[in-house]
Structure formats: C-alpha cells, structure tokens
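For the record, the sequence lines run as chains H and R.
1289 is the number of the first residue of the first sequence in our numbering; add one for each residue after it.
1289 is the number of the first residue of the second sequence in our numbering; add one for each residue after it.
Everything on this sheet refers to the single structure shown next.
There are 2 protein chains.
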Amino acid sequence: MPAGQTAAQAPRSQAERTAESDARMLAAAVELICEKGADGTTLKEVGERAGYSRGLAGYRFGNKAGLYRFVVRAIGEEWLAELGRAVGRRVGLAAIHAATDAHARFISRGDLKTRAFYILWFSSVGPEPALKSVIAHIHARRQQDVEQWILKGIANGEVSAEVDVTSVARHFCAAIIGIVYQWLVTPDDQSRISAMHADLKQQMGLSLPPPGKAAAREQADE
Amino acid sequence: MPAGQTAAQAPRSQAERTAESDARMLAAAVELICEKGADGTTLKEVGERAGYSRGLAGYRFGNKAGLYRFVVRAIGEEWLAELGRAVGRRVGLAAIHAATDAHARFISRGDLKTRAFYILWFSSVGPEPALKSVIAHIHARRQQDVEQWILKGIANGEVSAEVDVTSVARHFCAAIIGIVYQWLVTPDDQSRISAMHADLKQQMGLSLPPPGKAAAREQADE
DNA sequence: GTAAAACTTGCTTGTTTCAAACAAGTATTT
DNA sequence: AAATACTTGTTTGAAACAAGCAAGTTTTAC
Chain H
1289 MPAGQTAAQA PRSQAERTAE SDARMLAAAV ELICEKGADG TTLKEVGERA GYSRGLAGYR
1349 FGNKAGLYRF VVRAIGEEWL AELGRAVGRR VGLAAIHAAT DAHARFISRG DLKTRAFYIL
1409 WFSSVGPEPA LKSVIAHIHA RRQQDVEQWI LKGIANGEVS AEVDVTSVAR HFCAAIIGIV
1469 YQWLVTPDDQ SRISAMHADL KQQMGLSLPP PGKAAAREQA DE
Chain R
1289 MPAGQTAAQA PRSQAERTAE SDARMLAAAV ELICEKGADG TTLKEVGERA GYSRGLAGYR
1349 FGNKAGLYRF VVRAIGEEWL AELGRAVGRR VGLAAIHAAT DAHARFISRG DLKTRAFYIL
1409 WFSSVGPEPA LKSVIAHIHA RRQQDVEQWI LKGIANGEVS AEVDVTSVAR HFCAAIIGIV
1469 YQWLVTPDDQ SRISAMHADL KQQMGLSLPP PGKAAAREQA DE
C-alpha cells in the first residue's frame, strides 16, 4: 500500500489505483534509467521505488521490454503533443524553425523524462522487436510531419517546388538524432547544443529556398 | 580445445593461443550482438560459440562491459585505419568528401562487424562509464581529424578562413551519427543511405566555401 | 433499496531458471 | 617447475511465472 493518504479512507476506484501505480512506476523507471541506464535498471527496483512490491512492475508490464514500451509511449506522446502546440499552424521553413526551437527547449530543460526517453530511444537499435517498433512509429510520424510542413510550404508558395521533400525531411530528422546523441554523451556543454540547433536551422534555410532562387541542391552541382 | 587443426601437433605459442581465442571470441560476439542485441548476448554463449568453454569470455574480459570494450576498440581501430587510408593526404572539402564516401562504403558493405560496432556505439549512451569512455575517445578523435582537415584546407587556401571550424566539424560528426542511426533502424533501404551521404557531402560544400565567396553562415544572416 | 454472495482485478509472495561473477582446479607452454 | 591458458564448481541476483490474498465491482435475494 502506497504511503501517505492516511486521511481519506474513501475507497478509490480500481481505475484510480492503476492510474496512480502506473504514474508512480513511470516516475521510478525514469529515475532509475537516468541513474543506472536501461540495462542496469531492474523491474524489482522500479516496483519498490514506486512504493509497491518487488513484483508489481513485472506483473503490470509483463517484462522489461513491456515497461520500456510503456515509458517510451507515454513520454513520446507527451512530447509529440508539445511539438504540435509549438509549431501551431505554421508551415514551411517557419514550422521547421519552430520545431527545432521546441526541440532545443525540450532537451535543454534538464528534465529526467527527456533523458530517459532518449536513452531508451538509442538502446532500441539492436534486434529487440518490441521497443523498436514503438520507436520506429514515433520516428516515422516525426518524419511525416516534417514532410507535410515542407509540402504545405511549397503549396503556400514559400518554398521552391524543386526541393526533394523526403530527402530534406530525412536529413532534418537524422540531424536531430545526431544532436540528441551529442547531448546525451556530453550533457554538460549547454551552449554547444544551442549552437547545433542554430546551425541546423540555418542549414535548413539553405535546403528550403524560396521559389524564385534555385534550390541549394542545384547550386552545388556546379 | 578448438575443433579442427588435427593435423599439426606442433605446440602453438601462448601468444598465438590468446590471439586465436581473442579473434574467435570477437567473431562470436559480433555474430551474437547482431542476432540478439548487446543486451541479449551472454558471455556463456560467446565462449561456447567461439569453440571454448562457457567461462572463457568472462575470464578473459572480466565482464560483459570488458568484452564490449574489446570489441569496440578492435573494430574501431580497424575502421579508423581504413578511414585514414581512404582520406590519404587530402585536406579541406576533398578530405571530407573522401571520408564520407569511405563511411558510406563502410556501412553499406553489409559487414556484421560494422553493425555490431554501431549497436554497441548506441548502447553506450546510458550512464555506463566503461564503454562510454572508449566510444567518447573514438568520437573525439574523429572530430579532431575533421577539424584538422578543415584547418589544413584553410591554410591551403581552399577554404574560407571565416568558417567556424569546430562548429562545422561537430555538425559533420553529428550528421554521420544521424545517418548511422537511420541505417541501423531501417537497414533494408540501401539507396536511402547513399542519398543521405550524398546530401551530406553537398551540405558540407555549402558550409565550407572557398575564400573568395562569403561563408554560407553569413549568407543566411540576411 | 440494500445487503450479502459471487466475481473480477490489483497487488504480493513463493519458486524456478539462468546468467554474471569469481574461486579453485586442470592442462598446456616456457 | 613456474607461469599462463583454459575449465569447472559455486554463489548471488534478477527475470519470469504461478499461486494466493485483499480490495473493488457486479449480481442476486429479500
């Protein structure tokens, strides 16, 4: 039984109980992943740190992969919603700049959730089908969003129709991943991360020229 | 006792024995990491698949982190040497283009070693100090090499002195990481990877303009 | 309408299995 | 015979699952 709450004897519904234990175990998992890594975290500790028994995490999520799937899904959805709000109704380069800024804020906020999210993100590269599919899904949605922004920018007349939409979107997503990697392995240097986001925004400006000027791609092909 | 080799009864030196068992365990580890991921690989299986007892890998490398340190160091050194040969005495943009091409060949060669190397690379993001320091070292060397190429390109008069050397080098390394990530999670699409390397080369061309023209950075700041 | 019985679900505790880690032993080279 | 490569025994601890207890929820009886 979770500590505290001795005052109210009113019986909580089962839905409330699971919601609370889920939330507490999510928080515990985030802490432990940041402290000991995804590999070093044990289901036993997650349950106990959340204020329950050693067995609850295993019972609720089935296994470690199930727990991590839950964690990534929960934080990922939260982040995608925040990203949507930050971008708003912007399109084209403006949308990409807003998204980049939101991402910069997201990872420089010093939130444990962000760090745990990306630790799990990179841990899923191996042939573990469980987590991988969840992350691939988030990744694909991200990239589709970026493609949509560019396409709407073209339709809007802000971006040249000659740009290779999927190629630029892919490049953007890859660059974000690269930045996140740098941040994870050297989290101390805060200004470095801001600089990399600024660089990326500027690079995307070159990749998405207005219709009048030739696309950067053609410029470079002598 | 490793199977085969029944013909020669000539006693092998101890150095030869360890060299062989090291090599066999390296190969076994690479296979297992690709099959089951870094997490799913066990020291027991590594020893047994290499043709030895269940205990040898643990005895030789101390623990799993030690094995992975060995694997990353071995493959990493091999790759850095290959990279050095590919770049040769080139400097500036030519060096970066050659390095990008070499990297494209490296990861599109379909070699299990490459895949295992990068699986371990990404697995080290958590707070596991052991592997992390080895990888951080390789990462730092890569980035220093890139900085040197750019600096020599500037000294050579091929590249504008106005470019922010560390910033561009960092961006290049981050982009490579991003591409590797894409390759690891969706290894099927071969042409996608080539396209991303081509994009990167072209982007670097914009980031490293010749001395006459203004740097891309200044161009974008309206 | 309400109270007790029947059922469902949240959570805990026992138990098995298996890998990690290390100690102690055997075989091979010097 | 001394040292080194390698193997085997043993302990510890987590994962996974089964079985049980307790709290919540629905059904039935009056």
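Ideal Cβ positions, reconstructed from N, Cα and C, are used throughout, including at glycine.
**Q.** Runs of alpha helix (DSSP H) lying entirely within the stretch 1341-1407 of chain H, each at least 4 residues, in chain order
**A.** 1344-1349, 1352-1375, 1380-1396
Q | Neighbour flag for Tyr1264(H) against chain R, beta carbons, 8 Å | A | Residue 1264(H) lies beyond the range of chain H shown here (1289 to 1510); nothing can be said about it.
(Q) Which runs of the alpha helix (DSSP H) at least 4 residues long sit entirely within the stretch 1417-1472 of chain R? Give them in chain order. (A) 1417-1443
Q) Would you say Ser1415(H) reaches chain R, if we count a Cβ-Cβ gap shorter than 8 Å as a contact? A) Taking the first sequence and counting its residues from 1, the one referred to as residue 1415(H) is at position 127. Residue identity check: residue 1415(H) is Pro in the sequence provided, not Ser. Yes - at least one Cβ of chain R is within 8 Å of the one on Pro1415(H).
Q. Under three-state DSSP, which class holds Arg1300(H)?
A. For the purposes of this step, residue 1300(H) is taken as residue 12 along the first sequence, with counting starting at 1. In the structure shown, Arg1300(H) sits in coil (DSSP, three-state: anything other than H, G, I, E or B).
Q | Close Cβ partners of Ala1463(H) (< 6 Å) along its chain, the five nearest in sequence each way excluded | A | As a first step, residue 1463(H) must be located in the first sequence, where it is residue number 175. Only Leu1488 meet the Cβ criterion.
Q: Excluding the 5 residues preceding and the 5 following Val1359(R) in the sequence, name in chain order all residues of the same chain whose CB lies nearer than 8 Å to its CB.
A: The count along the second sequence starts at 1 and reaches residue 1359(R) at position 71. Excluding residues within five positions, the ones whose Cβ falls inside 8 Å are Leu1314, Ala1317, Val1318, Ile1321, Ala1404, Phe1405, Leu1408.
Q. How big is the Cα-Cα spacing for Ile1467(R) and Phe1460(R)?
A. By one-based count along the second sequence, residue 1467(R) stands at place 179. By one-based count along the second sequence, residue 1460(R) stands at place 172. Cα-Cα distance, rounded: 11 Å.
Q.
Does chain H have any CB closer than 8 Å to the CB of Val1379(R)?
A. What you label residue 1379(R) is simply residue 91 of the second sequence in a count that begins at 1. Output row for Val1379(R): interface = no.
Q) If we cut at 8 Å on Cβ distances, does Val1473(R) have a partner in chain H? A) In the second sequence, residue 1473(R) corresponds to position 185, counting from 1. Closer than 8 Å to some Cβ of chain H, the Cβ of Val1473(R) qualifies, so yes.
Q) Got a sec: which bits of the stretch 1447-1464 of chain H sit with their beta carbon under 7 Å from any beta carbon on chain R, in order along the chain? A) Ser1455, Arg1458, His1459, Ala1462, Ala1463
Q.
Just verifying my parser: in three-state terms, what is the DSSP assignment at Ser1412(H)?
A. As a working mapping, residue 1412(H) is identified with position 124 in the first sequence. It is coil, neither helix nor strand.
Q: Output yes if chain R places a C-beta closer than 8 Å to the C-beta of Phe1410(H); else output no.
A: What you label residue 1410(H) is simply residue 122 of the first sequence in a count that begins at 1. Chain R, which has a Cβ nearer than 8 Å to the Cβ of Phe1410(H), makes this yes.
Q. So which of Arg1458(R), Asp1477(R), Thr1329(R), Ile1442(R) has the shortest CA-CA distance to Gly1398(R)?
A. Mapped onto the second sequence, residue 1398(R) falls at position 110. Here the closest residue by C-alpha is Asp1477(R).
Q. Would the beta-carbon of Ser1396(H) fall within 8 Å of that of Ile1481(H)?
A. For the purposes of this step, residue 1396(H) is taken as residue 108 along the first sequence, with counting starting at 1. For the purposes of this step, residue 1481(H) is taken as residue 193 along the first sequence, with counting starting at 1. A contact, by the Cβ cut-off of 8 Å.
Q. Is there at least one Cβ from chain H nearer than 8 Å to Ile1363(R)'s Cβ?
A. Position 75 of the second sequence, counted from the first residue, corresponds to residue 1363(R). No - not a single Cβ of chain H is within 8 Å of the one on Ile1363(R).
Q: Could you tell me the distance, in whole angstroms, from the CA atom of Lys1440(R) to the CA atom of Gly1335(R)?
A: Numbered from 1 along the second sequence, position 152 holds the residue referred to as residue 1440(R). Numbered from 1 along the second sequence, position 47 holds the residue referred to as residue 1335(R). C-alpha separation (whole angstroms): 46 Å.
Q: Classify Thr1388(R) as buried or exposed, calling it buried when 16 or more other Cβ atoms lie within 10 Å of its own Cβ.
A: Here residue 1388(R) corresponds to residue number 100 of the second sequence, with the count starting at 1. With 16 or more Cβ atoms within 10 Å of its Cβ, Thr1388(R) is classed as buried.
Q) How about Tyr1469(H): is its C-beta nearer than 8 Å to some C-beta of chain R? A) For the purposes of this step, residue 1469(H) is identified with residue 181 of the first sequence, where counting begins at 1. It does: the Cβ of Tyr1469(H) has a partner Cβ on chain R nearer than 8 Å.
(Q) Please state whether the Cβ-Cβ distance between Lys1352(H) and Pro1415(R) is less than 8 Å. (A) Taking the first sequence and counting its residues from 1, one reaches residue 1352(H) at position 64. Taking the second sequence and counting its residues from 1, one reaches residue 1415(R) at position 127. Not closer than 8 Å, so no.
(Q) Looking at chain R, is there any beta carbon in it that lies within less than 8 Å of the beta carbon of Asp1389(H)? (A) Working through the first sequence from its first residue, we reach residue 1389(H) at position 101. Not closer than 8 Å to any Cβ of chain R, the Cβ of Asp1389(H) fails to qualify, so no.
Q | Heavy atom of the ligand GTP within 7 Å of Val1447(H) beta-carbon | A | The ligand GTP is absent from the structure shown, which contains no ligand whatsoever.
Q) Can the beta-carbon of Leu1371(R) be found less than 8 Å from the beta-carbon of Arg1429(R)? A) Position 83 of the second sequence holds residue 1371(R). Position 141 of the second sequence holds residue 1429(R). Not in contact: Leu1371(R) and Arg1429(R) (Cβ atoms no closer than 8 Å).
Q. Is the Cβ-Cβ distance between His1427(H) and His1485(H) less than 8 Å?
A. Indexing the first sequence from 1 puts residue 1427(H) at position 139. Indexing the first sequence from 1 puts residue 1485(H) at position 197. Going by C-beta atoms, His1427(H) is not nearer than 8 Å to His1485(H).
Q. For Ser1309(R), which of Ser1341(R), Leu1400(R), Val1451(R) has the nearest alpha-carbon?
A. Taking the first residue of the second sequence as position 1, residue 1309(R) is located at position 21. If we check each option's Cα against that of Ser1309(R), Ser1341(R) comes out closest.
Q: Return the residues of the stretch 1317-1351 of chain H that lie within a Cβ-Cβ distance of less than 8 Å from chain R, sorted by chain order.
A: Ile1321, Cys1322, Glu1323, Lys1324, Gly1325, Ala1326, Asp1327, Gly1328
Q) Where does Arg1458(H) land, buried or exposed, given buried means 16+ other C-beta within 10 angstroms? A) Here residue 1458(H) refers to the residue found at position 170 when the first sequence is read from its first residue. Counting Cβ neighbours within 10 Å, Arg1458(H) comes out buried, since at least 16 surround it.
Q) For Trp1471(H), which residues of its own chain have a beta-carbon under 6 Å away from its beta-carbon, when the five flanking residues on both sides are left out? A) Taking the first residue of the first sequence as position 1, residue 1471(H) is located at position 183. Excluding residues within five positions, the ones whose Cβ falls inside 6 Å are Ile1395, Ile1481.
Q. Comparing the C-beta of Ala1483(R) with each C-beta of chain H, is any distance below 8 Å?
A. Numbered from 1 along the second sequence, position 195 holds the residue referred to as residue 1483(R). It does; some Cβ of chain H falls within 8 Å.
(Q) Contact defined as beta carbons within less than 8 Å: I believe Lys1420(R) pairs with Ser1412(R). What is the distance between those atoms, to the nearest angstrom? (A) In the second sequence, the residue the question calls residue 1420(R) occupies position 132. In the second sequence, the residue the question calls residue 1412(R) occupies position 124. Their Cβ separation, rounded to whole angstroms, is 5 Å, which keeps Lys1420(R) and Ser1412(R) in contact under 8 Å.
Q | Chain-order list of residues whose beta-carbon lies under 7 Å from that of Gln1449(H) (same chain, five-residue window excluded) | A | Translated into positions along the first sequence, residue 1449(H) becomes position 161. According to the sequence as given, residue 1449(H) is Ala; it is not Gln. Only Ile1442, Pro1499 meet the Cβ criterion.
(Q) Taking the straight line between their C-alpha atoms, what separation do you get for Asp1327(R) and His1425(H)? (A) Here residue 1327(R) is taken as the residue at index 39 of the second sequence, counted from 1. Here residue 1425(H) is taken as the residue at index 137 of the first sequence, counted from 1. Distance between the alpha carbons of Asp1327(R) and His1425(H) is about 22 Å.
Q: Please report how far the alpha carbon of Gly1339(H) lies from the alpha carbon of Tyr1347(H), in whole angstroms.
A: For the purposes of this step, residue 1339(H) is taken as the residue at position 51 of the first sequence. For the purposes of this step, residue 1347(H) is taken as the residue at position 59 of the first sequence. Computed Cα separation, rounded: 15 Å.
Q. Which residue from Gly1376(R), Glu1366(R), Leu1331(R), Arg1337(R) puts its Cα closest to that of Gly1520(R)?
A. Only positions 1289 to 1510 of chain R appear in the structure, and residue 1520(R) is not among them; the question remains open.
(Q) Rounded to whole angstroms, what is the Cα-Cα separation between Gln1431(R) and Ile1438(H)? (A) Start at 1 with the first residue of the second sequence, and residue 1431(R) comes out as number 143. Start at 1 with the first residue of the first sequence, and residue 1438(H) comes out as number 150. Using only the alpha carbons, I get a separation of about 31 Å.
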